[in-house]
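Asks: My questions will all concern the structure given below.
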Amino acid sequence: MEIESLSSEQRQAWRDRVLPPVQTVSEGVWAIPVPIPNNPLVYTYCYAIAEDSGVALIDPGWDGKEQLEALTAGLSQAGFALKDITGIAVSHYHRDHIGLVPALFQRNPDMWLALQSNDIATLDTFRKQEKGAVTGATGEKTIAEIYGVPAQRRDELAHLDARKRADHFTVPHWPHEFVVLSDNDVLPIRGRKVESLWTPGHTYGHSAFLDAEAGVFFSGDHVLPTITPNIGLDAPSITHSLADYLGSLERMSKLDEDVTVAPAHGFRFRGLQVRAEQIAGHHDERLAEIRARWAEVDDHSVYAIAQGLHWSRGFEGLQNFNLFAALAETAAHMYYLGLPVGEPAIA
Ligand SMILES: [Zn+2]
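Per our numbering, the sequence shown starts with residue 18, numbered consecutively.
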């Protein structure tokens, strides 16, 4: 079984890694691609939802002048200006989803901003952390030590923390209170019922959004058509992130099978259950690979386990942030299997 693309233009643009046109997803809902600089994802879809007297947004995208211009032009195609934005719901705190929020607030300080409580807590933690502190480090050990990264490669992860935050977890100071989402909360969009669905996994506070009447499921990064979201980068929840993710997938599989899946990246499609099964299958294969590697080698460090797994560009091709993401992903799978993470390497 394959998923069914619902937009040939979006699908082609995703293949070509170029910006697709602004499109109507359903009546009063538009997908506006907002570019991400120097990133293979190329763009995030900002979804604009018309309401009684304005427009609400889901995931405005990366911050920057070019991004604000793309959003402004897209909104104007839908018949709106920036001043018409009444509120913003964000699927999770990563910069390619939340980045533009401060710039939009500056122009319209009365708008609401909705985010799941656990991602609000993560943003608070980032804010409190001293500059240079290593995310997820326990005691005196650094992440590189915990994962058994050889000394000559530790530098890649040492400067990574600052870079990681700069690239992915920039924490602007919000000029506003959040609308705190938990699960099944109705967004304050007038004349339309859009519900939040807590889908922990990619981040602990990830939310998807459902407009049941229109039959549109805004999946954020939880379910994407051709790629799987990274699991394990949310350091405090890494021990349960894969279990959370698989649980969220199973829960979302219960939605109507005809629902239009409107993801943050890629193209919109039908076949949520098919895609959820494919993604769960991917993780099953990963778990089997890790079990086999564990039995095969004496060095059970995360680094040594990850070294023996299949990576699209090979393990040697993974550097800096990509190396860190691969190690975190491996660690998340090891936690899921109940294998000890952070055992000292033998070699
Ligand atoms: Zn994303």
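Idealized CB from N, CA, C, for every residue including glycine.
In its own chain, which residues sit with a C-beta less than 7 Å from the C-beta of Ser265, not counting the 5 before and 5 after it?
Replies: As a position in the sequence shown, residue 265 is number 248, starting the count at 1. Cβ within range, chain order: Thr216, Pro217, Gly218 and His239.
Asks: So which residues put a beta carbon under 7 Å from any heavy atom of ligand 1, going in chain order?
Replies: Leu58, Thr61, His111, Asp113, His114, Asp238, Ala281 and His282
Asks: Across the segment 50 to 62 and the segment 87 to 97, are there enough close Cβ pairs to call them in contact, namely three or more that are closer than 8 Å?
Replies: yes
Asks: Let me check one thing: in DSSP terms, what residues is Pro280 bridge-paired to?
Replies: For this step, residue 280 is matched to residue 263 along the sequence shown. Gly237, per the DSSP bridge assignment.
Asks: To the nearest angstrom, how far is it from the Cα of Leu340 to the Cα of Glu44?
Replies: Within the sequence shown, residue 340 is the residue found at index 323, counting from 1. Within the sequence shown, residue 44 is the residue found at index 27, counting from 1. Those two C-alpha atoms are separated by around 43 Å.
Asks: According to DSSP, is Thr245 helix, strand or coil?
Replies: The residue given as residue 245 occupies position 228 in the sequence shown. Coil.
Asks: Between Ala67 and the rest of its own chain, which residues show a CB-CB distance below 7 Å, the 5 nearest in sequence each way excluded?
Replies: Taking the sequence shown and counting its residues from 1, one reaches residue 67 at position 50. Cβ within range, chain order: Gly45.
Asks: Please identify the residue among Gly71, Val358 and Asp172 whose C-alpha is closest to the C-alpha of Ala345.
Replies: Walking along the sequence shown from the start, residue 345 turns up at place 328. The candidate whose alpha carbon is nearest that of Ala345 is Val358.
Asks: Measuring alpha carbon to alpha carbon, tell me which residue in Ser108, His223, Leu259 and Val118 is nearest Trp79.
Replies: For the purposes of this step, residue 79 is taken as the residue at position 62 of the sequence shown. Cα-wise, what sits closest to Trp79 is Val118.
Asks: According to DSSP, Leu266 sits in a beta bridge with which residue or residues?
Replies: Along the sequence shown, one-based indexing puts residue 266 at 249. None; Leu266 has no bridge partner.
Asks: In chain order, which continuous runs of the beta strand (DSSP E) of length 3 or greater are located wholly inside the segment 34 to 64?
Replies: 40 to 43 and 46 to 52
Asks: If I follow the unbroken alpha helix (DSSP H) through Leu121, where does it start and stop?
Replies: The residue given as residue 121 occupies position 104 in the sequence shown. Element bounds for Leu121: Val118 to Arg124.
Asks: Report back the beta-carbon spacing between Ala281 and Gly237 to the nearest angstrom; my notes put them in contact at under 8 Å.
Replies: Residue 281 sits at position 264 when you count from the first residue of the sequence shown. Residue 237 sits at position 220 when you count from the first residue of the sequence shown. About 5 Å; that satisfies the 8 Å criterion.
Asks: For Asp101, which option in Ala65, Ser224 and Val51 has the closest C-alpha, if you only look at C-alpha atoms?
Replies: Working through the sequence shown from its first residue, we reach residue 101 at position 84. The shortest Cα separation from Asp101 among Ala65, Ser224 and Val51 belongs to Ala65.
Asks: Expressed to the nearest angstrom, what Euclidean distance is found between the alpha-carbon atoms of Arg303 and Gly334?
Replies: The count along the sequence shown starts at 1 and reaches residue 303 at position 286. The count along the sequence shown starts at 1 and reaches residue 334 at position 317. Approximately 19 Å between the Cα atoms of the pair.
Asks: Within this structure, are the beta carbons of Val107 and Leu132 separated by less than 8 Å?
Replies: Residue 107 sits at position 90 when you count from the first residue of the sequence shown. Residue 132 sits at position 115 when you count from the first residue of the sequence shown. Yes; because the gap between Cβ atoms is below 8 Å, this pair is in contact.
Asks: Give a yes or no on contact between the segment 218 to 229 and the segment 158 to 166, applying the rule of three or more CB pairs nearer than 8 Å.
Replies: With the cut-off at 8 Å, the segment 218 to 229 and the segment 158 to 166 do not touch.
Asks: Ordered along the chain, which non-local residues of its own chain (more than five positions away) have a Cβ less than 7 Å from that of Lys148?
Replies: Stepping through the sequence shown from its first residue, residue 148 is reached at position 131. Bear in mind that the predicted position of Lys148 carries a pLDDT of just 44, short of 50, making it unreliable; the figure below should be weighed with that in mind. None.
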